[in-house]
Structures are given as structure tokens and as C-alpha cells.
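Using this note's numbering, you'd call the opening residue of the sequence shown number 3 and step up by one each time. Backbone N, C-alpha and C define an ideal beta-carbon position, used for all residues, glycine too. Computed from a prediction, not measured in an experiment: that's the story for all the values here. Structure record follows, encoded as C-alpha cells.
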Amino acid sequence: MEQVKIADHKRFTAQGKEFVFLTRTGTIFELEPESPAGSVLDHGAAGQAFTQSDLFAVVEGTNREKHALWSDLLASHVLISEGTSAREQPEYPVDTPINTLVLHVTEACNLMCRYCYHDNGNDTNRVSTSMDQAVARQAVDFLFDNSGNLLDLVLVFFGGEPLLSTKLISDTIAYADGKALDSGKKISYAMTTNGTLLTDKVIAFIREHRIGMTVSIDGNRTVHDRFRRFPDGSPSYDVILPGVKKLLGAGMTKPVVARVTLAKAVGDIYQSLTHLLDLGFAEAGFSPVTTGENGFMLDKGQMDVLLDQFQTVSDLFVEMALENRFLGFTNLVDLLVNLHEGEVRHYPCGAGMGMFSVDPEGGLFLCQRLTHDQAAHMGDVFNGFKRAKLTTFRKDAGLSNKKPCEGCWAASICAGGCYHEAGIRQGSLLSPNLHYCQWIKSWIETGLNAYARLCVQAPEFLDNLSLLRGHEPLPESII
3 MEQVKIADHK RFTAQGKEFV FLTRTGTIFE LEPESPAGSV LDHGAAGQAF
53 TQSDLFAVVE GTNREKHALW SDLLASHVLI SEGTSAREQP EYPVDTPINT
103 LVLHVTEACN LMCRYCYHDN GNDTNRVSTS MDQAVARQAV DFLFDNSGNL
153 LDLVLVFFGG EPLLSTKLIS DTIAYADGKA LDSGKKISYA MTTNGTLLTD
203 KVIAFIREHR IGMTVSIDGN RTVHDRFRRF PDGSPSYDVI LPGVKKLLGA
253 GMTKPVVARV TLAKAVGDIY QSLTHLLDLG FAEAGFSPVT TGENGFMLDK
303 GQMDVLLDQF QTVSDLFVEM ALENRFLGFT NLVDLLVNLH EGEVRHYPCG
353 AGMGMFSVDP EGGLFLCQRL THDQAAHMGD VFNGFKRAKL TTFRKDAGLS
403 NKKPCEGCWA ASICAGGCYH EAGIRQGSLL SPNLHYCQWI KSWIETGLNA
453 YARLCVQAPE FLDNLSLLRG HEPLPESII
């Protein structure tokens with residue numbers, strides 16, 4: 003007789019109701035009071051094998067009702083065959099189409115942020131190089147040539163401070179626009195800036211070319227100026243504020259978002275968030291610093307403080323959503339959209355899949371944070387990929403090869419975590435981020451609770467979040 007097992011899952015409560023998150027499918031459903039499905043989930047731990055007869059012995063109802071329940075639980079993947087892998091890793095051939103290239107147009111920067119992962123914030127001897135037009139055009143050609151049947155492509159300008167290379171950016175956009183016109187594809191642009199060079203002319207250029215902007219800003223003047231300073235030690239907040247305000251008031255066609263780096267101490271997350279939103283940013287996202295300078299990283303106590311604050315802001319997000327008001331807390335918005343779309347991740351991000359980074363010489367790397375890391379070097383835009391190395395990476399980096407993640411209900415959301423973070427904290431790009439495993443599970447539980455509350459009370463709000471991120475709304479996830 004066929005043996006089955008209960009799939010990896012997470013049971014949680016919200017608004018006095020019980021819900022189940024299925025890891026393998028990314029599905030969330032409500033357990034009705036006294037639901038037979040609840041009895042099944044109570045029958046044994048995830049992964050424990052049993053037969054149909056075993057199941058029928060522990061649930062109530064007629065034989066017909068039990069057979070219907072059995073069929074429903076198999077169809078919804080609450081029960082899976084004993085031999086079924088918890089996560090079946092897809093195969094990605096080396097010619098998998100790419101849709102995003104991040105161009106390091108310059109490694110120069112007019113700030114010297116002390117926590118910067120790029121050069122540890124204090125390397126005054128490093129030689130900063132800039133990309134020339136030939137490399138930039140070849141990178142654009144590489145993107146189009148390797149995009150397959152994809153119609154929507156993205157070019158990201160990164161640094162250093164990319165606005166030190168405005169002429170190159172302008173020439174590259176003109177060239178890429180021409181390629182898009184000739185090929186029948188669409189290309190969009192994005193940029194991350196420190197905000198120091200936002201002149202009227204630059205802002206007009208950004209608006210004209212519909213460049214999606216992320217500004218690195220850490221909060222109010224006191225918080226921002228702790229570490230984001232010029233090489234002579236002078237603060238940068240008052241320098242960037244006029245240009246940032248002009249950018250935010252320029253009627254941009256795409257939302258302008260803030261990127262906050264948390265270093266040494268968490269501070270007041272809500273205060274920083276409201277400050278940035280009051281300035282006019284559409285959203286702000288918070289990220290603990292990852293750097294070789296351990297003194298800047300948050301310790302366990304600080305990470306616990308961060309989690310508490312994230313949970314508090316998430317509660318406020320839901321309260322505002324129930325009044326049809328939006329709080330631009332990027333961390334929760336991204337998590338809610340992930341849950342609403344039912345995304346099941348085999349890899350933590352698009353690095354080395356649909357996205358690559360290009361250094362000033364044309365080298366191809368897994369992502370912008372790993373540029374110049376030889377373990378992440380996957381070829382160059384002139385000669386193409388190092389096919390064997392990329393194939394090996396895609397095989398080894400998959401979730402199914404991360405043994406510590408086996409049986410973890412949250413694995414299909416975090417997929418082991420950031421490669422760059424793993425390299426710094428675990429010593430290998432391919433290692434799961436075990437140092438924050440419990441933290442991320444607690445954060446995802448916060449997201450699940452917020453999601454369930456919104457599903458019950460304001461499901462249309464979740465559809466609107468998906469549209470905000472460019473996704474079509476899905477059928478209701480609560481059944």
C-alpha cells in the first residue's frame with residue numbers, strides 16, 4: 003500500500019484563526035475549526051510515513067468522506083508520496099536567459115562610508131577604476147545576446163558612485179535604447195546613488211529616462227552622519243538633502259526608495275522610517291551591514307532588538323493597511339508579496355541566474371556585492387561565461403544541496419540566504435547563513451501573521467501590493 007508523508011509546513015495563528023504554510027508549494031490556507039486536515043497534521047511530524055489505512059483510523063467521517071479528504075490532501079500537497087523530495091531543484095543550463103546586468107560604471111566614490119563592504123570604508127590605497135564606453139557597449143550587447151526570448155530587460159548603474167560617470171551612463175542608455183528598438187525588446191534602467199551629485203541637470207536626465215532610483219541614506223542627520231561622511235571626515239546629510247528633496251519633488255515616473263544600512267547599533271527603526279517617508283521616499287528598506295570589519299556588524303543582542311522593532315512596525319503596517327493606507331516598509335512589503343505570489347525559491351536571489359554584475363573591465367560576477375571576488379567570477383562580456391564554473395555553481399548553490407536546510411519550513415522563502423553574507427560570515431558563498439537562521443524564521447513568522455490578518459480582513463490590499471511590484475493578482479490564497 004502506498005505510503006505518504008506530511009509535507010514540510012508551518013502552523014500558526016492570526017486573528018484567532020489557525021493557518022498552515024506549506025513549504026514545498028508556498029501555499030497558505032486556513033484550517034477550519036475541527037477540520038479533518040488538522041487531525042491529519044496532528045497525526046505525525048512532517049516526513050513521518052504512513053498509509054491510507056493509518057490515516058483513516060485517526061479521522062472521523064464516513065468512508066466516502068475519508069476518501070474525499072485523502073484525495074484533497076494529496077491534490078493540495080499536504081500529503082506527498084514518501085519518496086518525493088522535499089524540494090526538487092530545477093536544472094538551469096548555462097544558456098538560461100538573463101534579464102538584468104548591473105554595471106559598475108566606476109569604483110570611485112566621493113564618500114568614504116566607514117562600513118562600506120566595497121572597500122571596508124577606509125582603504126585609501128585602492129586604485130579606483132571606471133568603465134569605458136567600449137566595455138559598456140559590449141555589456142549591453144551581452145545582455146541582449148543572452149536574453150533569449152525575454153522581452154523586458156534591466157540595466158542597473160552601480161558603483162562606487164555612478165553619478166561620477168554621467169557621460170558614460172548617458173551614452174550607454176542611448177546605445178541600449180537603440181538596441182531595444184532594433185530587437186523589439188524593452189529595456190528599463192535603475193541606479194543606486196549616495197545622493198551627493200543630484201543637480202537639476204542630473205535629476206532632469208533621470209526623469210527623462212525613467213531611471214528607477216535608490217538612494218543610500220541612513221535616516222535623519224544624526225543617524226546618517228555617523229558613518230556616511232566625506233574623505234575629509236565632514237558629514238554628508240546636509241549636502242545631499244537639497245538634491246534629494248528636488249529628486250523626490252520632481253514628479254518621477256517611478257517610486258524613489260531609500261536604502262538604510264544598519265551598523266553597530268539598530269537605533270529607532272520607526273523614527274528613521276517615518277523621517278524618510280516624510281521626506282517623500284515611497285519606501286525605505288533596512289539592511290544590517292555585512293562587512294569584513296566585524297566592529298560594524300550587529301551582534302545577537304542588536305539583531306534581537308531589530309526583530310522586535312520589525313515586528314512593531316509590521317503591526318503598524320497591518321493597522322494602516324486595514325484603513326487602506328500604505329506604510330512604505332520595504333522589508334515587509336517584499337515578504338508579503340513573496341507570500342502572496344506563492345514563490346518557492348530554490349536559490350536565495352537571481353544572482354548567477356537571471357542577473358549578473360559587470361566590473362569596469364568587463365568581468366562577469368554573480369552579483370554587485372561579489373564583484374572582484376574570484377569565487378564569484380563567471381567569465382566576461384567579451385568571451386562569455388565560464389560555462390563549467392557557472393554550471394557547477396548553479397548545481398552546488400541550489401537549496402537541495404544545503405543539508406542544514408533539510409526539513410526547515412522556511413527554506414523555500416530564504417533558500418539559505420545571501421551568498422555575500424555567507425562568504426563573510428560562514429567562509430563560503432555556498433553555505434547557508436546559519437548565523438541568522440533562527441532570526442529569519444522569526445521574521446518570516448511575523449510576515450505570515452501579517453499576511454493572514456490581511457487575507458482575512460483586507461485581501462484586496464495584498465493584490466494591490468502585488469501590482470505595486472509588477473505582478474498580476476492571484477486567486478485567493480486562503481481556502
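- Of all alpha-carbon atoms in Cys111, Leu24, Ser185, the one lying nearest the alpha-carbon of Ala77 is that of Leu24.
- Under the three-state reduction of DSSP, Phe328 is assigned to coil, being neither helix nor strand.
- With a 10 Å radius around the Cβ and a threshold of 16 neighbouring Cβ atoms, His69 comes out exposed.
- Cys407 and Leu436 have their C-alpha atoms some 9 Å from each other.
- The DSSP-derived three-state label of Glu447 is helix.
- Counting along the chain, the unbroken beta strand (DSSP E) around Ile30 starts and ends at 29-33.
- Between the alpha carbons of Arg389 and Val96 lies a gap of roughly 6 Å.
- Rounded to the nearest whole angstrom, the C-alpha separation of Asp74 and Ala39 is 9 Å.
- Here Met305 really is in contact with Trp441; their C-beta atoms are around 6 Å apart, less than 8 Å.
- Per DSSP, reduced to three states, the secondary structure at Thr276 is helical.
- Membership of Pro290 in the beta strand (DSSP E) is indicated by the continuous run 285-290.
- A straight line joining the alpha-carbon of Leu337 with that of Gly400 spans about 21 Å.
- Within the region 412-475, the complete alpha helix (DSSP H) segments at least 4 residues long are 413-416, 421-428, 439-459, 461-470, listed from N- to C-terminus.
- Per DSSP, the continuous beta strand (DSSP E) segment holding Thr15 begins and ends at 11-16.
- In terms of Cα proximity to Met114, the closest of Asp270, Ala284, Ser218, Arg396 is Ser218.
- The DSSP-derived three-state label of Ser172 is helix.
- Bounds of any alpha helix (DSSP H) do not take in Gln5; it lies within the beta strand (DSSP E) bounded by 5-8.
- Note that the C-beta distance between Thr198 and Phe160 is not below 7 Å.
- Between the region 199-214 and the region 248-260, the count of C-beta pairs closer than 8 Å reaches three or more; the two stretches touch.
- Gly253 counts as exposed, since fewer than 16 other C-beta atoms from the protein chains shown sit within 10 angstroms of its C-beta.
- Collapsing the DSSP output to three states places Pro164 in a helix.
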